[in-house]
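Colleague:
Below you can see the structure in the form of structure tokens.
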């Protein structure tokens with residue numbers, strides 16, 4: 001099979017290849033790869049596809065390499081500056097062809113990692129592939145990277161099935177969310193979706209950027225990444241939902257889209273309009289309903305950070321955000337990170353740092369977590 005790099009083919013061709021591989025997810029799309037490349041310019045972009053003699057893509061492999069610091073340890077990593085690579089998406093026409101494609105994909109990925117001195121590869125497998133959105137079982141081959149020497153680090157992501165009736169989705173909201181949503185509506189808060197070219201979209205995107213800057217107190221990502229997000233809006237490959245308080249834009253939610261999936265990508269608020277009555281609850285609820293009305297199959301809320309794990313202890317902020325998102329209802333689906341460390345000394349240092357953080361966490365606290373429906 002021929003190895004074809006992402007930047008050596010038109011974007012349209014790449015996305016045609018992605019669409020032809022049922023195991024592919026939004027992590028393999030040109031939209032997301034380009035976003036990561038522009039967000040993490042210090043990582044050398046090396047994404048590639050394996051294409052057979054007929055021109056059929058057999059594997060889609062996001063790839064980047066760069067030097068990072070993790071847990072106070074510096075090393076060269078096969079990742080987007082610590083952001084996991086989408087695990088190779090492999091065409092699985094038959095067991096034998098799938099084994100061959102998987103073996104060649106990982107061999108090519110590991111060869112590039114070795115060529116650039118990477119001591120680790122970090123992957124991520126998203127549950128909502130093209131095949132799953134077409135009805136396939138989300139668990140099939142989910143742990144395939146284990147066959148290639150990786151260790152699994154599973155988490156849950158919260159997903160809403162938009163095929164359910166609206167009254168069922170409404171009934172799954174927590175009492176807390178229903179109360180805040182209804183109050184926002186009574187107070188005259190409205191939500192609009194912006195996409196495409198035009199002055200209105202430009203104005204709202206500028207407002208989103210301002211809110212993002214004020215919330216963080218600094219610019220948190222490179223300018224080219226924001227330019228790419230605006231490009232996706234212009235091409236109607238993404239949406240910007242805006243909540244208006246007193247007629248003023250107050251809360252912003254940028255959502256990506258991929259083959260029937262809509263996912264919350266980035267959110268920011270203007271505190272001066274949201275201090276007394278946060279419109280955030282209504283904002284994402286209207287994004288969910290709008291996505292359903294426009295024919296999306298699933299809406300992903302994001303990772304359900306909860307208890308500390310040996311490989312990661314979520315922050316209080318991450319847990320708070322996850323609790324907020326759980327109150328929209330939905331179901332848990334496995335999103336799995338996979339790590340392979342090529343250097344035994346590095347593995348020992350990483351594991352030692354993780355063990356120390358895990359021991360310092362609340363993982364051994366026997367108290368029961370608070371309920372979500374208050």
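In this note's numbering, the protein residues as written are 1 to 374.
Cβ coordinates follow ideal geometry from the N, Cα and C atoms, glycine included.
Since this is a predicted model, take the numbers as computed values, not measurements.
1. So, are the CB atoms of residue 159 and residue 330 less than 8 Å apart?
2. In whole angstroms, what separates the C-alpha of residue 370 from that of residue 207?
3. Verify whether the separation of the beta carbon atoms of residue 42 and residue 256 is less than 8 Å.
4. Taking the beta strand (DSSP E) that residue 222 falls in, what are its first and last residues?
5. Can you give me the Cβ contacts of residue 304 inside the same chain, cut-off strictly under 8 Å, excluding the 5 residues immediately before and after it?
6. Could you check which residue in 17, 70 and 178 has the C-alpha nearest to that of residue 59?
7. For residue 341, I'd like the list of residues in its chain whose CB is within less than 6 Å of its CB, leaving aside the five on either flank, ordered along the chain.
8. For residue 254, is the classification buried or exposed, using 16 other Cβ atoms within 10 angstroms of its Cβ as the cut-off for buried?
9. Do you know whose CA, among 184, 25 and 269, lies nearest residue 213's CA?
10. So what's residue 358 in DSSP terms, helix, strand or just coil?
11. Between residue 89 and residue 28, how many whole angstroms is the CB-CB distance? I'm expecting something under 8 Å.
12. Pairs of beta-carbons, one from the stretch 308–321 and one from the stretch 131–139, closer than 8 Å: are there three or more?
13. Flag this pair as touching only if the stretch 258–272 and the stretch 179–186 have three or more C-beta atom pairs under 8 Å; answer yes or no.
14. Pick out the complete alpha helix (DSSP H) segments inside the stretch 279–338, 4 residues or longer, and give them in chain order.
15. Looking only at its chain, what residues have a beta carbon closer than 6 Å to the beta carbon of residue 343, apart from the 5 residues adjacent to it on each side?
Modeller: Straight from the coordinates:
1. Result yes, Cβ atoms of residue 159 and residue 330 sit closer than 8 Å.
2. With a pLDDT of 49 at residue 370, under the threshold of 50, the modelled position of this residue cannot be trusted; read the value that follows with caution. Distance from the CA of residue 370 to the CA of residue 207, rounded to the nearest whole angstrom, comes to 35 Å.
3. Taking 8 Å as the Cβ cut-off, residue 42 and residue 256 do not qualify as a contacting pair.
4. It is not in any beta strand (DSSP E) - residue 222 carries neither H nor E in the DSSP assignment.
5. Non-local C-beta neighbours of residue 304 in its own chain, meaning closer than 8 Å and more than five positions away in sequence, comprise 155, 156, 157, 158, 322, 325, 326 and 332, ordered along the chain.
6. The alpha carbon of residue 59 has as its nearest neighbour, out of 17, 70 and 178, the alpha carbon of 17.
7. Non-local C-beta neighbours of residue 341 in its own chain, meaning closer than 6 Å and more than five positions away in sequence, comprise 120 and 347, ordered along the chain.
8. When all chains shown are included, residue 254 counts as buried.
9. It is 269 whose Cα lies nearest to the Cα of residue 213.
10. The answer is helix: DSSP assigns residue 358 an H, G or I state.
11. About 5 Å separates the two Cβ atoms, so the contact holds.
12. Judged by Cβ distances under 8 Å, the stretch 308–321 makes no contact with the stretch 131–139, as fewer than three pairs qualify.
13. At 8 Å Cβ cutoff, the stretches do not touch.
14. Runs of the alpha helix (DSSP H) inside the stretch 279–338: 280–293 and 316–326.
15. Apart from the 5 residues on each side of it in sequence, residue 343 sits with its Cβ closer than 6 Å to the Cβ of 119 in its chain, given in chain order.
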